Amino acid sequence: MYQILTDSECDLPLATLKDSGVDVIYFHTKVGDRDLVNDLGQSLDINDFYQEILSGAMPTTTQVNVGEYLEFFKKYVEKNIPIVYVGFSGGLSGSLSSANQAREILLESNPQADIRIIDTLAASGGEGRLVISAIRLQKAGATLDELVNWFDLNKLRLQQWFTVDNLNYLYHGGRISRTSAALGTLLKVKPILDVDADGKLRMVSKTRTRKKSLLELADKIVNAMQSDQEQPVIITTSGDYDAAKIVKDRIIEQISQADIQIYPIGMTISSHTGVGCVAAFAMGPEFRN
Numbered sequence: 007m008y009q010i011l012t013d014s015e016c017d018l019p020l021a022t023l024k025d026s027g028v029d030v031i032y033f034h035t036k037v038g039d040r041d042l043v044n045d046l047g048q049s050l051d052i053n054d055f056y057q058e059i060l061s062g063a064m065p066t067t068t069q070v071n072v073g074e075y076l077e078f079f080k081k082y083v084e085k086n087i088p089i090v091y092v093g094f095s096g097g098l099s100g101s102l103s104s105a106n107q108a109r110e111i112l113l114e115s116n117p118q119a120d121i122r123i124i125d126t127l128a129a130s131g132g133e134g135r136l137v138i139s140a141i142r143l144q145k146a147g148a149t150l151d152e153l154v155n156w157f158d159l160n161k162l163r164l165q166q167w168f169t170v171d172n173l174n175y176l177y178h179g180g181r182i183s184r185t186s187a188a189l190g191t192l193l194k195v196k197p198i199l200d201v202d203a204d205g206k207l208r209m210v211s212k213t214r215t216r217k218k219s220l221l222e223l224a225d226k227i228v229n230a231m232q233s234d235q236e237q238p239v240i241i242t243t244s245g246d247y248d249a250a251k252i253v254k255d256r257i258i259e260q261i262s263q264a265d266i267q268i269y270p271i272g273m274t275i276s277s278h279t280g281v282g283c284v285a286a287f288a289m290g291p292e293f294r295n
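Residue numbering for the sequence shown follows the numbering used here, beginning at 7 and increasing consecutively.
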């Protein structure tokens, strides 16, 4: 048997991960002189974090370092347990590079170790949706090779759609220019974003109202679900649960049997999107580009 590992940026509930036997490494966020650990609500309620942002906090994030990954992986390597780390997009964070460096260091002294690193090319509930696939595959009896091969063949089928309510955080994160943020705010523009085949966030289109952006998210997920209408769908939000419910209800209007869960967005992503981000994730029939 092998051990599935992931990180806190999958935005799945800690109880879900524990119940499935998945181990988690935690990302970090800094607010002023405070170092916070994104430990899925154990040390800080995520809604309290959103309130800090609303009060004017501008959090910064740091990648997980090589030493942390060494300790995370080593406890399994020392027990000769094969591991597969299903990680946050390497296109959005240098943490995956740290994980690969830790793997190489461990293999130098433990050449027999079986350590697999999967770049999900995904964020938030998108990563979580792929972790769910890994859990299901393992429970169905897939070998480690079969699981890794499934990711190679299918991870780009994941559809990831986002919208934000405040363009200033995209500007501070370097995603859009100051002029675009100012003009978009003035005109009440709401962007539609996704994650490209390199795992990087990109702006796809713009709408003029919040409601339209939410409905567009839902319709894109409905389109993705046509090949599998009973698959799990994840919606995540940085504090706007009413908006997330609008997306959920719109999907259910068109696919009544849809299996949809709504989860909060963790500290890392919400630090870059601000409060009010809503995202939706499902597996589609074709690769994204």
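In this text, a Cβ means the ideal position worked out from N, Cα and C, and glycines have one as well.
In this text the structure is predicted, and so the values were computed from the model without any measurement.
The way I'd put it, the region 20 to 33 doesn't touch the region 235 to 243; fewer than three beta-carbon pairs between them come closer than 8 Å. In this model, glycine 93 and serine 61 are separated by some 31 Å (Cα to Cα).
Contact annotation: the region 286 to 294 touches the region 150 to 165, with at least three C-beta pairs closer than 8 Å. From the listed residues Val253, Gly245 and Ile261, the smallest Cα separation to methionine 231 is found for Ile261. For alanine 119, no beta strand (DSSP E) run applies, since DSSP gives it neither H nor E. By the CB criterion at 8 Å, leucine 46 and serine 95 fall outside the cutoff. Alanine 288 sits in a strand when the DSSP states are folded into three classes. Put simply, of Gln237, Asp171 and Ile257 the residue whose alpha carbon is nearest the alpha carbon of threonine 213 is Asp171.
Residue nearest to glutamine 48 within the set Gly272, Ala285 and Asn295 is Gly272 (criterion: CA-CA distance). Leucine 207 has Val201 as its beta-bridge partners, per DSSP. In this structure valine 201 touches leucine 127 by the C-beta definition: roughly 7 Å separates them, less than 8 Å. Asparagine 106 and proline 197 have their alpha carbons spaced roughly 34 Å apart. Residue state for glycine 131 is assigned as helix, using DSSP reduced to three classes. The beta carbon of leucine 112 sits closer than 8 Å to the beta carbons of Leu76, Phe79, Lys80, Val83, Ala119 and Ile121 from its chain, once the five residues preceding and following it are set aside; these are given in chain order.
Within the same chain, and ignoring the five residues on either side of arginine 216 in sequence, the residues whose Cβ sits closer than 6 Å to its Cβ are Lys196. Within the same chain, Cβ atoms closer than 7 Å to the Cβ of leucine 50 are found at Leu42, the five residues on either side in sequence being excluded.
Leucine 150 has its alpha-carbon roughly 15 Å from the corresponding atom of leucine 136. The DSSP-derived three-state label of leucine 113 is helix. The beta-carbon separation of leucine 98 and alanine 140, rounded to 19 Å, does not stay under the 8 Å limit for a contact.
Of all alpha-carbon atoms in Tyr269, Ala285 and Lys85, the one lying nearest the alpha-carbon of alanine 21 is that of Tyr269. Counting only residues of its own chain and dropping the five nearest sequence neighbours on each side, phenylalanine 157 has a CB closer than 6 Å to the CB of Ile124. Per DSSP, the unbroken alpha helix (DSSP H) holding asparagine 155 starts and ends at 150 to 160. Isoleucine 266 is bridged by DSSP to Val239. Annotation for aspartate 255: the continuous alpha helix (DSSP H) segment containing it runs 247 to 260.
Annotation: the continuous beta strand (DSSP E) that includes valine 43 extends over 40 to 44. Only residues of its own chain outside the window of five on either side were considered, and among them Thr126, Leu127 and Leu136 have a CB closer than 7 Å to the CB of lysine 161, listed in chain order.
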